[in-house]
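Colleague: Heads up: the protein sequence lines correspond to chains A and B, in order. Each number in the working numbering comes from the position in the first sequence (counting from 1) with 13 added on. Each number in the working numbering comes from the position in the second sequence (counting from 1) with 591 added on.
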Amino acid sequence: MSEIDVESAYRQRYERSLKALAIRLEAHLCDLFDEVNHIDRISARAKDPRRFAEKAGKAENGRPKYMHPFEEIQDQVGARITVLYESDVPVVEEVLVRYFHPVENLQRAPEDSASFGYFVPDEAVSEDVPQFVEIQIKTAFQHAWSETNHDIAYKSDADLTPEQERWLAFAAAQAWGADKAINELVADLGPDPEEGSTR
Amino acid sequence: MAIETAHSYLVHPGKAASAQPAISATTVSRSDRLFELLTKIYDGAPAECKIDISFQADDSGHQVNDRCSQFDIYLTKPTLARGRAIAEELQLVTTNRSKLGLLFLVTGTEKGQRRLVVSRFPADEGIVAQEHKSKLSVEFIERIFMKNSHAYKSACCQVSLPHKGLWRGKAIDHQISGGQKEISDYWVREFLLSELSTTSAAGTRRAAKVLREAIRSSDDLDVRQELIAAAMLMRGQDGRVVSVRSICSGLGLSEVAMALIDRKMPAADLANEQFAFSSEEFDKHLRYRAVELDNGAVLMAEADRFDDVFSREELDGQGRGMERFWTEGRVEDERVRQTK
């Protein structure tokens, strides 16, 4: 299947079911986390057809990376839960695994997601609904870093120079450090009097 | 749809065994009458296996799962020897309670994907009667398989090969329809190294919300009361593996009430989705609060709406506990009931 064919086939799935699934997933997550403190935002999206086709066409060691991209690319629908503090991540994780079965549940630090995993969507199984959705939990700083990093590094046609790579690494470290500093501060300040719990 | 390979293994209870019994195995040939039966099982597996399962991840969070690896190896090239490795794993988790079993591994190709159907039938007992010229001989046999369809377990996976993605599958265990969690543990958790895809909290939450919506939307008072009664009785399902449909049918809900619940389900198939019921989770979403006064009055409403529906005021402030409750609304039903 050529990249154009893959994009066309995926676009059909995207229009027919993925966009609607992302909307349902976002609404479902908002409902689940309605009473959880320090949630900055919850958003879900279906992977853009062009980006899917690009990813599907990637090579590894001179061979196609994905022989069956519709089965192997697991982030066709993804959601992100952005929290204020690093200490909120395990709280959100706990709620998440109570309601979604984690198929993979991974941690990436410091430069990428605080926590992400592939979960079984809370949907009736059908050929058009992907078997897995990706859900990320990030702090506000990680979210900001991730968005800019994605825009700069992943979308850049040319490879970054060593100095540019160093700037990116510096920015990642700043985001990581900011989370640690705020977390320390929040721990020092103690429980939030209005919420009766740790900030 | 056509079966490409079918292998069968005699699996002993080996969980507590000090030495594992040898596993006899055979290839089922196309000319065998059994092949026809296996074809039915293979063709019907996607519909028959109603329980959505997810293979467990390892301690690091990756889906590195021995059973997926074995299925992958077997699907790539199904041989008697490769299937025996799967049978050995089943034997290691089979208890005397689960008895001797006949395991079938059946493969085929569907829409470019490889399908594996794994089925287990426990040994049963029976009597064989044979007529000879002048006499009848009867014999008691302890190794009869496929006699009791209620004890049948199966699982089905379908993937493209080589498979680099995550695994999901479907399973059926007729014995867990009765809600016996320990049996589901044997087939789904211990052998398939999987979990029910619908978590206990997710399934229970959906059941509670659907029931709550059905109660709120019903304009038939009898149906509403039937559903409220069902909501109270459902709490008794705690820890049991159920589906919304199995609970409703177990409680003997009327067709009208069941149809209303069906209409409130986000998708029809979800009514059959199996999960372990949690009364704690259920109470978070659907709970009734009743206050009984010493003058004989009983006030009842959904717990999270009780304080909106009823206003209350302490009367004397002298610790005698006298309170006034009041509410306003249109009378929809008024009945006289026998007291206890």
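Idealized CB from N, CA, C, for every residue including glycine. Remember, it's a predicted structure, so these values are computed and weren't measured experimentally.
Would you mind giving the Cβ-Cβ distance between B/A822 and B/L877, rounded to the nearest angstrom? I have them listed as a contact below 8 angstroms.
Modeller: Contact flag correct, Cβ pair sits at about 5 angstroms.
Colleague: Got a sec: is the Cβ-Cβ distance from A/H51 to anything in chain B below 8 angstroms?
Modeller: Answer no: the Cβ-Cβ gap between A/H51 and chain B never drops below 8 angstroms.
Colleague: Which word fits B/R915, buried or exposed, when buried means at least 16 other C-beta atoms lie within 10 angstroms of its C-beta?
Modeller: With fewer than 16 other Cβ atoms within 10 Å, it is exposed.
Colleague: Going along chain A in order, which residues have a C-beta closer than 8 angstroms to the C-beta of B/R796?
Modeller: Neighbours of B/R796 on chain A, chain order: Y112.
Colleague: With a threshold of 8 angstroms between beta-carbons, can B/H653 be considered close to chain A, or not?
Modeller: So yes, B/H653 belongs to the interface.
Colleague: Helix or strand or just coil, what does DSSP make of B/L707?
Modeller: DSSP places B/L707 in strand when its eight states are reduced to three.
Colleague: Tell me which residues share the same chain as A/A90 and place their Cβ nearer than 8 angstroms to its Cβ, disregarding the 5 neighbours each side in the sequence.
Modeller: A small correction: the amino acid at residue 90 of chain A is Val; Ala does not occupy that position in the sequence shown. Result list for A/V90: L31, L34, A35, L38, A57, R58, A59, K60, P134, P143, V146, E147, in chain order.
Colleague: What do you get for B/Q909, buried or exposed, if any count of 16 or more other CB atoms within 10 angstroms of its CB means buried?
Modeller: Result: exposed.
Colleague: Evaluate B/T698 with the Cβ neighbour count: other Cβ atoms within 10 Å of its Cβ, from every protein chain shown; 16 or more gives buried, anything less gives exposed.
Modeller: Buried, because 16 or more other Cβ atoms sit within 10 Å of the Cβ of B/T698.
Colleague: Going by beta-carbon coordinates alone, are B/E846 and A/H114 separated by less than 8 angstroms?
Modeller: No, Cβ-Cβ distance for B/E846 and A/H114 is not below 8 angstroms.
Colleague: Chain A beta carbons: is any one of them nearer than 8 angstroms to that of B/L757?
Modeller: Yes, because at least one Cβ of chain A sits closer than 8 angstroms to the Cβ of B/L757.
Colleague: Determine the chain B residues that contact A/E117 at a beta-carbon separation under 8 angstroms, and present them in chain order.
Modeller: Those within 8 angstroms of A/E117 in chain B are A648, G652, H653, Q654, L757.
Colleague: Apply the 10 Å Cβ neighbour rule to B/G939 and answer buried if 16 or more other Cβ atoms are within range, or exposed otherwise.
Modeller: With chain B running from 592 to 931 in the structure shown, residue 939 of chain B is simply not present.
Colleague: For A/E48, which of B/D649, B/M913, B/K875 has the nearest alpha-carbon?
Modeller: It is B/K875.
Colleague: Under 8 angstroms, do B/A714 and B/I735 count as touching if we go by C-beta distance?
Modeller: Cβ distance < 8 angstroms, so B/A714 and B/I735 count as in contact.
Colleague: At a Cβ threshold of 8 angstroms, is A/Q87 touching chain B?
Modeller: Yes, because at least one Cβ of chain B sits closer than 8 angstroms to the Cβ of A/Q87.
Colleague: Cβ of B/D784 within 8 angstroms of Cβ of B/N687?
Modeller: Just to set this straight, residue 784 of chain B is Leu in the shown sequence, not Asp. No, the Cβ-Cβ distance between B/L784 and B/N687 is not below 8 angstroms.
Colleague: Starting from the C-beta of A/P123, find all residues in its chain whose C-beta is less than 6 angstroms away, skip the five residues before and the five after it, and write them out in chain order.
Modeller: At A/P123 the pLDDT is 47, less than 50, meaning the model places this residue with poor confidence and gives no usable figure here.
Colleague: When you compare each of B/D643, B/T700, B/I718 to A/V116 by their alpha carbons, which one comes out closest?
Modeller: If we check each option's Cα against that of A/V116, B/D643 comes out closest.
Colleague: Would you say the stretch 858-871 of chain B touches the stretch 830-843 of chain B, given that touching needs at least three Cβ pairs under 8 angstroms?
Modeller: Contact between the stretch 858-871 of chain B and the stretch 830-843 of chain B is present, because at least three Cβ pairs lie under 8 angstroms.
Colleague: Name the chain B residues whose beta carbon is nearer than 8 angstroms to that of A/E84?
Modeller: Ordered by position in chain B, the residues that pass the 8 angstroms Cβ test against A/E84 are V750, S751, H754, G756.
Colleague: I need the DSSP call for B/R915, collapsed to helix, strand or coil.
Modeller: Strand, per DSSP.
Colleague: Please confirm if the stretch 660-672 of chain B is in contact with the stretch 742-759 of chain B, defined as three or more CB-CB distances below 8 angstroms between the two stretches.
Modeller: Yes, since at least three Cβ pairs between the stretch 660-672 of chain B and the stretch 742-759 of chain B fall closer than 8 angstroms, the two stretches touch.
Colleague: May I ask you to list the residues that DSSP assigns as paired with B/T701?
Modeller: The sequence given here has Glu at residue 701 of chain B, not Thr. Looking at the DSSP assignment, B/E701 forms a beta bridge with B/Q704.
Colleague: Going by the CB atoms, is the gap between A/E28 and A/G70 shorter than 8 angstroms?
Modeller: Cβ distance not < 8 angstroms, so A/G70 and A/E28 don't count as in contact.
Colleague: Does DSSP classify B/Y633 as helix, strand or coil?
Modeller: Of the three classes helix, strand and coil, the one that applies to B/Y633 here is helix, per DSSP.
Colleague: Using a Cβ-Cβ cut-off of 6 angstroms (strictly less than) and excluding sequence neighbours within five positions of B/A648, which residues of its own chain qualify?
Modeller: Once the five neighbours on either side are set aside, the close Cβ partners of B/A648 are Q654.
Colleague: For the stretch 792-805 of chain B against the stretch 850-859 of chain B, are there 3 or more C-beta pairs whose distance is under 8 angstroms?
Modeller: Because the criterion of three Cβ pairs below 8 angstroms is met, the stretch 792-805 of chain B and the stretch 850-859 of chain B touch.
Colleague: Counting only the same chain and skipping the five closest in sequence on each side, list residues whose C-beta sits under 7 angstroms from that of B/L818.
Modeller: Taken in chain order, the residues that qualify are L802, A805, I806, S809, A848.
Colleague: Report the neighbours of B/S808 on chain A: residues whose CB is nearer than 7 angstroms to its CB, in chain order.
Modeller: Result: empty, since nearest Cβ-Cβ is about 18 angstroms, beyond 7 angstroms.
Colleague: Decide yes or no for the touch test of the stretch 619-631 of chain B against the stretch 597-609 of chain B: beta carbon pairs closer than 8 angstroms, at least 3 of them.
Modeller: Output reads yes: the stretch 597-609 of chain B touches the stretch 619-631 of chain B.
Colleague: To the nearest angstrom, report how far apart B/A888 and B/R797 are at their CA atoms.
Modeller: For B/A888 and B/R797, the distance between alpha carbons rounds to 33 angstroms.
Colleague: Is the beta carbon of A/D53 less than 8 angstroms from the beta carbon of A/L109?
Modeller: No, they are not a contact pair.
Colleague: I need the DSSP call for A/P123, collapsed to helix, strand or coil.
Modeller: Low confidence applies here, because A/P123 scores a pLDDT of 47, under 50, leaving its location unreliable; read the following figure in that light. Coil, per DSSP.
Colleague: Does the beta-carbon of A/A118 have 16 or more other beta-carbons within 10 angstroms, so that it is buried, or is it exposed?
Modeller: Looking at the sequence provided, one finds Asn at residue 118 of chain A rather than Ala. Flag for A/N118 reads buried.
Colleague: Is the separation between the beta-carbon of A/E106 and that of A/P62 shorter than 8 angstroms?
Modeller: Cβ distance not < 8 angstroms, so A/E106 and A/P62 don't count as in contact.
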